[in-house]
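Here's the structure we're looking at; comments come further down.
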Amino acid sequence: MPARDFQPGEQVRVSRLCPIDFGEMGPGPGDVGRVTAVSKSSDLLRLCAVRFDSPRFEWLIPDVFLEVMKDDR
Numbered sequence: 020m021p022a023r024d025f026q027p028g029e030q031v032r033v034s035r036l037c038p039i040d041f042g043e044m045g046p047g048p049g050d051v052g053r054v055t056a057v058s059k060s061s062d063l064l065r066l067c068a069v070r071f072d073s074p075r076f077e078w079l080i081p082d083v084f085l086e087v088m089k090d091d092r
């Protein structure tokens, strides 16, 4: 399966199938954030920097664990 081509500024949601435990202060399944950067390291997997409002941090999340949200801006 090819990697999803996420773009900076795109609103995304952490997949409910995400097996990564980001800890108490990190995002969880269903949390919504905005992509700020995307790595170009692989055709199969890319890391996306995603900024969340609560808590207000950026996290690196593999693209396969992100879902596109409809942007209502």
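Just so we're aligned: 24 in the working numbering is position 5 of the sequence shown, and the numbers increase by one with no gaps anywhere. Backbone N, C-alpha and C define an ideal beta-carbon position, used for all residues, glycine too.
Through-space distance from residue j to residue i, alpha-carbon basis
i     : j     : result
Phe71 : Pro46 : 8 Å
Cys37 : Leu66 : 14 Å
Arg5  : Phe84 : No answer is possible for residue 5: it lies beyond the span of the chain, which begins at 20 and ends at 92.
Pro48 : Ala68 : 16 Å
Lys14 : Arg53 : Residue 14 is absent from the model: the chain starts at 20 and stops at 92.
Pro81 : Ile39 : 10 Å
Glu43 : Glu77 : 15 Å
Ser34 : Leu63 : 18 Å
Helix, strand or coil at residue i according to DSSP, with G and I counted as helix
i     : result
Phe41 : coil
Phe84 : helix
Exposed unless 16 or more other CB atoms sit within 10 angstroms - verdict on residue i
i     : result
Val57 : buried
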